[in-house]
Amino acid sequence: MPRKDGEFLNKKRLVLFCLPLCMLAGCKSQVEPVKQQLQDPKFENVSVHDPSIIQSDDEFYIVGSHAMLAKSADLIKWQQLANSVSTDMLFEDIREELKEEFAYAKTNTLWASDLVQFKNGKYYLYYCLCVGDSPLSVLGVAVADSVDGPFKKVESFLYSGTSPQFGKIYDATKHPNVIDPHVFYDNDEKLWMVYGSYSGGIFILELDEATGLPKEGQGYGKHLLGGNHSRIEAPYIQYNKDTGYYYLFTSFGGLTADGGYQIRVARSKAPDGPYEDMEGNPMASVKGAVGTVFDDFSIQDYGVKLIGNFSYEPDDGLTNAGYISPGHNSTYYDEETDNYYVIFHTRFLNAGEMHEVRVHQMYFTEDGWPVLAPLRYSGEAIDRYQINQVATSYRLLAFDKEITADFIEPQFVQLGRNGKLTGDLSGDWQISSDNITEDSSIKIEGVTYRGKFVSNWDEQQEKQVMTFTGISDKGIPLFMIEEKEK
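Position 46 of the sequence shown, counted from 1, bears residue number 46 in my numbering, the numbering being contiguous throughout.
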């Protein structure tokens, strides 16, 4: 159902600032075109739940739950390679290769996997299997000479649920559900695996590069956040050389269409933490209350939210435009272009549990926090924009931090060249001449959202539009998408 929290904005004043400020007088009455002119990218979509990305040669591959696999040359047009265990392409015979794991986890499918290439040139697939309605799970690694296999099992090395491991009786409120692995090299070339879902939370282990297995003596590893069955899962860590921070992405909420799934992030100067959010809250303390299960209320105020449920149009019960339960992301950094991308699955309005993969560019604010482009990646490159290129009509999406099935609906505003904002909201605005190195800001009654303007392709309007993405100091995102004349 639509969320009504945003209706208070109709009575509020909105002020848009950018630093340094420029004079607004004498602006032309016509929106000027931007330098980069985009064409219809003609998106080709795939369904890969929990997509984890890897680049090999000139192709991008995403592997996910249920042995789903897809590839793309440009992050825009995707090709489905496998959509279930029965069509798996990574093992010669996945049922035979992992027969002990299928039996232990009492399942007939795989959960979220991760593909990584070691410095020795070989490819390592970190797989996991889970019964689904409890933390009865197993996690292991397989190796291949090629990104598309065939993979051979090395060893399954983590178990959760009923089997005692590391000399401890399993406690689902404190110990991890051993699924959702992400394996990565840190800035010092050490190898790590972060993992976990619900149960006792998110954990991290240092790996031995020679074997792909955890170094001895770590047990389940170091706890990073979550616990007491709180709905936090899908950890993924990305380092940013410019900020010097490691960014821990997780998904809060439940993955189904009514689960309020959403992407959040925290950061640390070290890969194994401690991680904090924008307000300095220690994420290791974020967990459900003792004795609760799926206690979203206790966790929803923490972490920086990047995206959640929203409707592109005012909801009429028929539109599919907008995202529902977007989450379980991976990231990709392009060293040549210095661009960051976030890859995730999402469901859609009025479309049940149908899901597809989406790729959005990610930018970093001056104080080192990520924001997502409001629209999916279409080949856009951020630029320096002038007042006559951004002064136009927008639909505005003001998120909050609740974890519910509700979704945000748009409000409509006009950024006038005279510095006034009219429409559903009223206020004033200004813009900088350089929004690549400097943040633009939108201020709503004392709440400032810092971020970026970027021109992008809007597949709903089938036109190139201007957008704005920002984040408040409470870690709440704001999207603006230009509304073209019909």
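C-beta: ideal position from N, C-alpha, C; glycine also.
If we count Cβ pairs, one from each stretch, closer than 8 Å, do we get three or more for the stretch 43 to 57 versus the stretch 78 to 86? yes
Quick one: is P33 buried, meaning 16 or more other Cβ sit within 10 Å of its Cβ, or exposed? exposed
Which residues in the same chain have their Cβ closer than 6 Å to the Cβ of D272, if we skip the five residues on either side of it in sequence? I204, K222
Proximity below 8 Å, CB of I495 to CB of Y377: The structure shown does not extend to residue 495, since the chain spans only 1 to 486, so no value can be given for it.
Sort F166, S56, P135 by Cα distance to V147 and report the nearest one. S56
Just checking my contact of A144 with P135 at CB under 8 Å: how many whole Å lie between their CB atoms? With 8 Å as the limit, A144 and P135 do not qualify as a contact, their Cβ atoms being about 28 Å apart.
Could you check the C-alpha separation between I190 and R450 for me, to the nearest Å? For the record, residue 190 in the displayed sequence is Lys; it is not Ile. Rounded to the nearest angstrom, the two C-alpha atoms are 34 Å apart.
Do the stretch 306 to 320 and the stretch 258 to 274 touch if we need at least three Cβ pairs shorter than 8 Å? yes
In whole angstroms, give me the CA-to-CA distance for E59 and D88. 19 Å
Among S163, G352, S199, N339, nearest to P176 - alpha-carbon criterion: S199
Is D296 buried or exposed, if buried means 16 or more other CB atoms sit within 10 Å of its CB? buried
Please report the straight-line C-alpha distance between F479 and S65, rounded to a whole angstrom. 30 Å
Expressed to the nearest angstrom, what Euclidean distance is found between the alpha-carbon atoms of G475 and K99? 44 Å
Could you please give the first and the last residue of the uninterrupted beta strand (DSSP E) stretch that includes F487? Any property of residue 487 remains undetermined from this structure, which presents the chain solely from 1 to 486.
Euclidean distance between Cα positions of A391 and G379: 23 Å
Please go through the stretch 320 to 375 and give each complete beta strand (DSSP E) segment of 3 or more residues, from N-terminal end onward. 322 to 334, 339 to 348, 355 to 364, 370 to 372
Hey, could you find the ends of the alpha helix (DSSP H) Q262 is sitting in? Careful: Q262 lies outside any alpha helix (DSSP H), inside the beta strand (DSSP E) at 262 to 268.
Closest to I481 by C-alpha separation, out of P410, D424, I471, would be which residue? P410
C-alpha gap between V487 and V286, whole angstroms: Residue 487 cannot be examined here, being either before or after the span of the chain that is shown, 1 to 486.
Nearest by alpha-carbon distance to N187: which of I237, G140, T107, D301 is it? I237
E97 by DSSP, collapsed to three states: which one? helix
I'd like the span of the alpha helix (DSSP H) that includes V390, first residue to last. 387 to 390
Which whole-angstrom value is the C-beta distance of Q361 and Y385, which I expect to be below 8 Å? At roughly 16 Å, the Cβ-Cβ gap does not stay under 8 Å, so Q361 and Y385 are not in contact.
Taking the alpha carbon of V371 as the reference point, which residue from S393, G423, V265, G196 has its own alpha carbon closest? V265
Going straight from the alpha carbon of F468 to that of S440, what length do you get? 9 Å
Once DSSP output is grouped into helix, strand and coil, what is the label at A489? Residue 489 cannot be examined here, being either before or after the span of the chain that is shown, 1 to 486.
Burial state of F166, where buried means 16 or more other Cβ atoms lie within 10 Å: exposed
Do you know whose CA, among H182, A73, N388, lies nearest E206's CA? H182
Skipping 5 residues on each side, what residues in its chain have a beta carbon closer than 8 Å to that of H345? S47, V48, H49, D50, P51, G64, P326, G327, H328, H355, E356, V357, R358
Please classify S230: is it buried, with 16 or more other beta-carbons within 10 angstroms of its beta-carbon, or exposed? buried
When you compare each of P314, R417, S393, V454 to F407 by their alpha carbons, which one comes out closest? P314
In chain order, what residues of the same chain have a beta carbon less than 7 Å from the beta carbon of D428, not counting five sequence neighbours either side? V15, G419, K420, L421
Suppose you measure from the CA of K305 to the CA of E92; what does that come to, to the nearest Å? 40 Å
Identify which residue in D400, G416, I403, L255 has its Cα closest to the Cα of Q520. With the chain represented from 1 up to 486, any question about residue 520 goes unanswered, as that position is not in the structure.
Could you check the C-alpha separation between P235 and I343 for me, to the nearest Å? 13 Å
Looking at the secondary structure, which residues open and close the beta strand (DSSP E) in which W78 lies? 78 to 82
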